[in-house]
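Participant: Protein chains in written order, with this note's numbering: chain D, 104 to 200; chain C, 104 to 200.
Using N, Cα and C, we set each Cβ at its ideal position, and we do this for glycine too.
Structure in structure tokens, see below.
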DNA sequence: AATATATATCGACTTTTTCCGATATACCAA
DNA sequence: TTGGTATATCGGAAAAAGTCGATATATATT
């Protein structure tokens, strides 16, 4: 995990918001049935009020930082939080920062 | 504490480095005697290899984010870490993020 | 194969950040 | 009060990030 990339990924309002939404998918994305593998891009885009390309880009920034993971199922890509990364981040802040 | 400003402040290599230096001033700034109130800008600037104006600006970004504090003594401004902010940050990541 | 839908990538433009040199301000010493 | 040193602020050029529309790719359906 690269500290810098993680902090950069977190330095954006929309991306922080997305992370929070993904914490409780059933609450924030009631349209979508089943959340085992995450939430699909379209749902997130709709809620974020940004274009599809922007949201797709933001999700890949979060993923490169290790904060979320994805699974492709058919034509959908489902994104979900990687809680391990958040734990690791708090440890990094306590030790390395 | 504004999450976004904190993460932005942490999204820069030099600023992260400065925070780490300030963790062990006696190790990283052996020239300066006494560290109770922190390290002065000149010492940090010299070690960072950036211009005085850049370092001064970076320190004020870190300060606005709440990550460091300063005390003016004569013509020097001494900067030191605000450890409370780092603790608070780990709690924010665990709860709000 | 043709069409439709979901997502990713590309190119462009705008805004923000980085980092500098120059200048201003604050304090100290003679 | 004059000059010296430390820090802060200002203005700007270059690089990076934000954001879009258009296009490409992948998958599903007919």
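Taking all protein chains shown into account, do 16 or more other C-beta atoms lie within 10 angstroms of the C-beta of residue 111/D, making it buried, or fewer, making it exposed?
Facilitator: Taking the first chain and counting its residues from 1, the one referred to as residue 111/D is at position 8. Result: buried.
Participant: Using 8 angstroms as the Cβ pair cut-off and three pairs as the minimum, do the region 175-185 of chain C and the region 138-147 of chain C touch?
Facilitator: yes
Participant: Helix, strand or coil, according to DSSP, for residue 114/C in the structure here?
Facilitator: In the second chain, residue 114/C corresponds to position 11, counting from 1. In the structure shown, residue 114/C sits in coil (DSSP, three-state: anything other than H, G, I, E or B).
Participant: Output needed in chain order: residues of the region 112-131 of chain D with a Cβ under 9 angstroms from some Cβ in chain C.
Facilitator: 112, 113, 114, 115, 116, 119, 122, 123, 126
Participant: With a Cβ-Cβ cutoff of 8 angstroms, do residue 114/D and residue 114/C count as a contact?
Facilitator: Sequence index remark: in the first chain, residue 114/D carries index 11 (1-based). Sequence index remark: in the second chain, residue 114/C carries index 11 (1-based). Result yes, Cβ atoms of residue 114/D and residue 114/C sit closer than 8 angstroms.
Participant: Exposed or buried, residue 118/C, counting other C-beta atoms within 10 Å across all chains shown (16 or more means buried)?
Facilitator: The sequence position of residue 118/C within the second chain is 15, counting from 1. Buried is the call here.
Participant: Using a cut-off of 7 angstroms between C-beta atoms, extract the partners of residue 197/C located in chain D.
Facilitator: As a working note, residue 197/C is residue 94 in the second chain. Result: 193.
Participant: Residue 109/C and residue 200/C: beta carbons closer than 8 angstroms?
Facilitator: By one-based count along the second chain, residue 109/C stands at place 6. By one-based count along the second chain, residue 200/C stands at place 97. Against a cut-off of 8 angstroms, the Cβ pair of residue 200/C and residue 109/C comes out as no contact.
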